[in-house]
Each structure stands twice: as C-alpha cells, then as structure tokens.
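What follows is one structure encoded as structure tokens, with my remarks underneath.
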Amino acid sequence: NAGVTQTPKFQVLKTGQSMTLQCAQDMNHEYMSWYRQDPGMGLRLIHYSVGAGITDQGEVPNGYNVSRSTTEDFPLRLLSAAPSQTSVYFCASSYSWGGSYEQYFGPGTRLTVT
Amino acid sequence: KNEVEQSPQNLTAQEGEFITINCSYSVGISALHWLQQHPGGGIVSLFMLSSGKKKHGRLIATINIQEKHSSLHITASHPRDSAVYICAVRAGDDKIIFGKGTRLHILP
C-alpha cells in the first residue's frame with residue numbers, strides 16, 4: 028500500500044491565485060481530513076469527510092473548499108490564496124471517524140503565498 | 003488555556019538518557035495518540051491508548067484517565083529519536099485536539 032499520498036510537496040503561489048492540493052489513500056478508509064500546521068501552533072483541522080459525498084468544516088475552514096467524490100481522493104482547494112494561508116498542509120485518513128482508530132498522515136505540502 | 007498541554011516544549015539530552023514527555027488535557031476523551039514528526043516533516047502514529055500502558059521497542063506510553071495525564075518515555079535515547087513528539091486527544095464529540103508538540107534533540 029502507498030498509504031496516504033499528497034501532491035505537490037512544495038508550492039509557491041501569488042496572492043489571489045487558486046490551486047488544488049491533492050490527497051489520496053489506498054487503504055479504503057472512510058475518514059479523511061485536512062490539517063494545517065503553523066509554527067508554535069498545533070495541527071488545526073480545516074475540513075474533514077466521513078465518507079464519499081460527505082464533507083464538513085473543521086476549526087479553520089475559511090478560504091478552503093473540499094469535495095469527496097470517491098473514497099480514495101480528498102482534494103483541498105484554495106480559492107484565492109492569501110499570505111495567511113502560508114503553512115504546511117497535511118492530509119490524514121483513518122478507518123472511521125468515531126471510535127479509536129489510528130490516523131495515517133501524508134507527507135505534507137509546504138505552501139508559500141507571496 | 004489550551005485543552006492539550008505538553009511539557010517540556012523543548013528538550014535536549016545526551017544519547018543514552020531516559021526521556022519523559024508529558025501531556026495533560028482538560029476534556030473528556032475516548033483515546034489519546036502520540037505522534038512523531040521527523041525533521042523531514044512526515045508524521046507517524048506511535049501509540050493510541052485509552053488506558054494503562056503500551057510499549058513498543060524503546061518507547062513506552064502511559065495514561066492516567068483520572069488525572070487526565072499521559073507520558074511518553076524513551077529509554078536509551080539515540081540521536082535518531084530527535085523529532086517533534088505530538089500528543090493528540092480524541093474528545094468526547096470525536097473532535098481531535100492536538101498539542102503544540104515537544105521538540106526533542108538527542109546529542110551524540
């Protein structure tokens with residue numbers, strides 16, 4: 028299994044540009060989520076999905092959109108990039124939302140918005 | 003006050019030392035996770051526990067539900083243990099709350 032994969036690893040955007048961060052998992056996990064990690068702060072949940080066709084907002088959803096058309100893929104879209112979105116983004120998946128299941132993390136995408 | 007607090011924030015030790023990282027939380031939880039983030043950035047899950055103690059190699063994790071406290075211990079520490087260790091709790095509403103992490107540096 029490849030586990031959780033993310034592309035790209037690095038990206039530089041200008042303010043106002045849009046882009047999509049890709050996330051895929053091959054473990055047939057129901058639950059997928061996007062986090063951002065900023066210096067001095069813990070991981071913060073952006074959006075999550077408990078299954079194909081179902082998404083919901085996390086702690087910091089503004090400026091981001093998600094969709095979940097398949098079990099495998101959970102792309103994160105930045106609609107109009109802002110410098111405040113400079114961060115490291117992690118996608119994660121687990122077997123289920125409820126209960127105590129281990130989360131598997133992707134390698135991260137380092138995004139810089141100038 | 004953060005719902006998940008880790009201490010210390012930074013820790014530098016000599017190779018071979020016994021390491022303890024602490025995590026305290028203020029909410030009811032169903033599980034607690036210890037994660038490791040290497041300098042390259044990848045995050046891996048070390049332990050998931052809801053009671054008692056778990057051991058994997060030189061790593062030991064304990065949790066005291068009554069005291070809302072968990073510890074991660076590393077025995078015979080090695081430079082390759084240098085990483086950020088993150089405590090995360092799954093709260094009663096299934097929300098996952100992360101600590102800010104403890105940066106560990108083991109000197110050879």
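Just so you know, the sequences run in chain order V and B. Going by our numbering, the first residue of the first sequence is number 28, and it counts up by one from there. Going by our numbering, the first residue of the second sequence is number 3, and it counts up by one from there. All C-beta atoms, glycine included, are put in the ideal place defined by N, C-alpha and C. All of these numbers come straight from a predicted model, not from anything done at the bench.
Put simply, the backbone Cα of Arg104 of chain V is about 44 Å away from that of Gln16 of chain B. Arg63 of chain V: member of the beta strand (DSSP E) spanning Tyr58 to Gln64, first to last residue. Check the Cα spacing between Met68 of chain V and each of B:Gly103, B:Lys57, B:Arg60 and B:Pro110: the tightest is with B:Gly103. By the neighbour-count criterion, in which a residue is buried when 16 or more other Cβ atoms sit within 10 angstroms of its Cβ, His35 of chain B is buried. A residue is called buried once 16 or more other Cβ atoms fall within 10 Å of its Cβ, and Gly101 of chain B is buried on that count. Counting only Cβ-Cβ distances below 9 Å, Pro134 of chain V has contacts in chain B at Gly42, Gly43, Gly44 and Ile45, in chain order.
In the three-state reduction of the DSSP assignment, Ser111 of chain V falls in the helix class. Between the alpha carbons of Ile31 of chain B and Leu74 of chain B lies a gap of roughly 17 Å. Around Lys102 of chain B, the beta-carbon contacts reaching into chain V at under 9 Å are Gly67, Met68 and Gly69. With respect to chain V, the C-beta atom of Val29 of chain B has no partner C-beta closer than 9 Å. Linking Thr77 of chain B to Asp83 of chain B through their CA atoms gives a straight-line distance of about 10 Å. A distance of 9 Å or more separates the beta carbons of Ala90 of chain B and Pro41 of chain B. The Cβ atoms of Ser53 of chain B and Ile65 of chain B lie closer than 9 Å to each other. DSSP places Ile98 of chain B in the uninterrupted beta strand (DSSP E) bounded by Ile98 to Phe100.
Under the Cβ criterion (8 Å, minimum of three pairs), the segment 107-119 of chain V counts as touching the segment 43-54 of chain V. The C-beta separation of Thr141 of chain V from Val39 of chain V comes to about 7 Å, placing the pair in contact by the 8 Å criterion. With contacts defined as CB atoms closer than 9 Å, Gly78 of chain V and Met54 of chain V fail to qualify as a contacting pair.
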